[in-house]
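Enquirer: If you read the protein sequences in the order shown, they are chains A and B. So the numbering used here is basically just the index in the first sequence, starting at one, shifted up by 324. So the numbering used here is basically just the index in the second sequence, starting at one, shifted up by 47. Virtual Cβ for every residue (Gly too), placed ideally from N, Cα, C. Here's a structure for you.
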Amino acid sequence: MKKDTKKKNTSAEPIIRSAIVIGIFILGAVLLSRVNRPSASQNSPTPEVITGEKQVIDISVKGGYTPRQTTAKANVPSVLKMKTQGTFDCSSSVVIPALNYRARLPSTGTTEIEVPAQKPGTVLSGMCSMGMYSFKIRFD
Amino acid sequence: MLSLEKEILGPKWSQFKVAFPVAAGFIAFFIFLQKLGVVNLITASEVSYPTAFIVGLVASVSTCMAVVGGLTLSVAANFAKQGDRIRPQILFQAGRIISFFVLGGVIGILGSMFRLGTTTTFMVSIIVAIVLLILGINLLDVFPWAKRLQLTMPGSIGRRIHDLKTINHTFMPFLLGVVTFFLPCGFTQSMQIYTLTTGSFWQGAFTMLYFSLGTFPVLAALSFGFAGLKDKEHMGIAFKAAGLVVIFFGILNLTNILATTGLIPSLFNF
């Protein structure tokens, strides 16, 4: 019985071993990168700014969308300002199914997306083309 | 009849006791990596060869792992299961790196002539997800009907070719390696789009080459992870664990792709 468990443990060794090696490598790299990374609090709703008759919703795009949830005013047209900075991942390819919007953002720059006035209670969701990252805008 | 079936399946089910935690650990590690925000490792905003290499390195542990890593793992496990643990995996990696170099150069010259449309991308994504699900189920080795779903040439073509096994174990892994160039992955597409703008064969070829070399360490670990396994029991466990991981990636891809059409709400996100 004891021998049996030992045998089973060694079986997963190549996978576990490679996972640990990869893990240490990436963890180290991430920890190093954290030092000069601006601390942006995720998931916090940002208050929208009204300029003229359109409300501007800023979304920063890199490894996902920040903020992931935003609350905006209903019955007012809006502009989504998608800001990319050295974005090479999936999030640079934006899909908003409800608006039938599909675009590839430049790896660095700002792209504006016009959103017509939405009814109160509408939740507009956008995601990257592979669906790995998403963001939501709630209109109240 | 019933007891006979139980006798065959009995020892196989027990392998899940180890395979399941291993697969769960791997998936948890994958999710953990995404939560850490590995993509923030890329600080450059302009593409250079070192940047392409780093983007590749990051891509290999990013959400792209669900697509490219999933395919690599399932190809490696499927060939290892048929007793071929090294050669098809080398051919797969060679196919990937060579195709990135050559096709990178080609799209560098052709420029905007090359671009997969949204419908094509969608179709490719759906096919990849289904292939991952099938290969994953095949690796579990619990459904007798899944045994027919092998990584082989269609029978009609195969019958005319004399040495089918050589073809299947030489041409197929190489071709699958080439196919990874077209797999939907945000990083690969970003690099391809940059390559389109270069207008030069060599610049395009080397950008894509450095990118693929960046992805190599992690993909090689997935490819050759089965090489050290000798024991039948160990292999059974490893294949089942790989199968569970691949099925997870298949489901993840499928639900996410359907979410982009607006048909279903997005379920898994990072």
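1. At what residues does the alpha helix (DSSP H) containing E280(B) begin and finish?
2. To the nearest angstrom, report how far apart K82(B) and L179(B) are at their CA atoms.
3. Going by DSSP, which residues form a beta bridge with Y389(A)?
4. Find the nearest neighbour of V65(B) within the set F317(B), F286(B), I294(B), judged by alpha-carbon distance.
5. Which of the three DSSP states is assigned to T432(A) in this structure?
6. Measure how close the beta-carbons of V400(A) and E377(A) come, nearest whole angstrom, since I'm counting them as under 8 Å.
7. At 8 Å on the CB atoms, spell out the chain B contacts of K386(A), in chain order.
8. If you follow the alpha helix (DSSP H) that G246(B) is in, where does it begin and where does it stop?
9. Could you name the residues of chain B that S402(A) contacts, counting a contact when the two beta carbons are closer than 9 Å?
10. Kindly indicate which three-state DSSP category V448(A) falls into: helix, strand or coil?
11. So the candidates are S270(B), A124(B), K277(B); which of them puts its Cα closest to the Cα of G183(B)?
12. Determine, using beta carbons only, whether A427(A) comes closer than 8 Å to chain B.
13. In its own chain, which residues sit with a C-beta less than 8 Å from the C-beta of G246(B), not counting the 5 before and 5 after it?
14. Just list the beta strand (DSSP E) runs in the stretch 87-124 of chain B, keeping only unbroken ones of 3 residues or longer that don't cross its boundaries, in chain order.
15. Note the first and the last residue of the continuous beta strand (DSSP E) segment covering F463(A).
16. Below 9 Å between beta carbons is the criterion; list the residues of the stretch 225-256 of chain B that meet it against any residue of chain A, in chain order.
17. Nearest chain A C-beta to N125(B) closer than 8 Å, yes or no?
18. Let me know the secondary structure DSSP gives V380(A) once reduced to three states.
19. Helix, strand or coil: which one does DSSP assign to R426(A)?
20. Taking the CB atoms as reference points, tell me whether L150(B) and F228(B) lie closer together than 8 Å.
21. Cβ atoms of D464(A) and T394(A): under 8 Å apart, would you say?
22. Who are the Cβ neighbours of W321(B) in its own chain at under 8 Å, not counting the five residues just before and after it?
23. Would a C-beta distance cut-off of 8 Å place L43(B) and V69(B) closer than the cut-off?
24. Of all the options F63(B), L80(B), A141(B), which has the alpha carbon lying nearest to the alpha carbon of N316(B)?
Expert: Inspection of the coordinates gives the following:
1. Taking the second sequence and counting its residues from 1, the one referred to as residue 280(B) is at position 233. First-last of the alpha helix (DSSP H) with E280(B): 279-307.
2. Position 35 of the second sequence, counting from 1, holds the residue named residue 82(B). Position 132 of the second sequence, counting from 1, holds the residue named residue 179(B). Using only the alpha carbons, I get a separation of about 24 Å.
3. Taking the first residue of the first sequence as position 1, residue 389(A) is located at position 65. Answer is V385(A), bridged to Y389(A).
4. By 1-based counting over the second sequence, the position of residue 65(B) is 18. For the residues F317(B), F286(B), I294(B), the minimum Cα distance to V65(B) belongs to F286(B).
5. Numbered from its first residue, the first sequence carries residue 432(A) at position 108. Coil, per DSSP.
6. Numbered from its first residue, the first sequence carries residue 400(A) at position 76. Numbered from its first residue, the first sequence carries residue 377(A) at position 53. With 8 Å as the limit, V400(A) and E377(A) qualify as a contact, their Cβ atoms being about 7 Å apart.
7. On the first sequence, residue 386(A) is found 62 positions in, with the first residue counted as 1. Going along chain B in sequence order, the residues near K386(A) (Cβ under 8 Å) are V86, N87.
8. Position 199 of the second sequence, counted from the first residue, corresponds to residue 246(B). Run containing G246(B): none; DSSP gives neither H nor E here.
9. By 1-based counting over the first sequence, the position of residue 402(A) is 78. Under the 9 Å cutoff, chain B gives no residues; its nearest Cβ is about 19 Å from S402(A).
10. Taking the first residue of the first sequence as 1, we reach residue 448(A) at position 124. Sequence inspection shows Leu at residue 448(A); the Val mentioned does not correspond to that position. Of the three classes helix, strand and coil, the one that applies to L448(A) here is strand, per DSSP.
11. Reading the second sequence from its first residue, position 136 is the one you call residue 183(B). Ranking S270(B), A124(B), K277(B) by Cα distance to G183(B) puts A124(B) first.
12. On the first sequence, position 103 is the one that residue 427(A) refers to. With 8 Å as the cut-off, A427(A) does not count as an interface residue toward chain B.
13. Here residue 246(B) refers to the residue found at position 199 of the second sequence. Within the same chain, G246(B) has close Cβ partners G155, I156, G158.
14. none
15. By one-based count along the first sequence, residue 463(A) stands at place 139. Taken as a continuous stretch (DSSP letters only), the beta strand (DSSP E) holding F463(A) covers 458-463.
16. P231, C232, G233, F234, Q236, S237, M238, I240, Y241
17. For the purposes of this step, residue 125(B) is identified with residue 78 of the second sequence, where counting begins at 1. No, because no Cβ of chain A sits closer than 8 Å to the Cβ of N125(B).
18. Locating residue 380(A) in the first sequence gives position 56, counting from the first residue. Three-state result, V380(A): strand.
19. Position 102 of the first sequence, counting from 1, holds the residue named residue 426(A). Looking at R426(A) - three-state DSSP - the assignment turns out to be strand.
20. As a working note, residue 150(B) is residue 103 in the second sequence. As a working note, residue 228(B) is residue 181 in the second sequence. Cβ atoms of L150(B) and F228(B): closer than 8 Å.
21. Along the first sequence, one-based indexing puts residue 394(A) at 70. Along the first sequence, one-based indexing puts residue 464(A) at 140. Not closer than 8 Å, so no.
22. The requested residue 321(B) is not part of the displayed model; chain B covers only 48 to 317.
23. The structure shown does not extend to residue 43(B), since chain B is modelled only from 48 to 317, so the question has no answer here.
24. As a working note, residue 316(B) is residue 269 in the second sequence. Per the Cα distances, L80(B).
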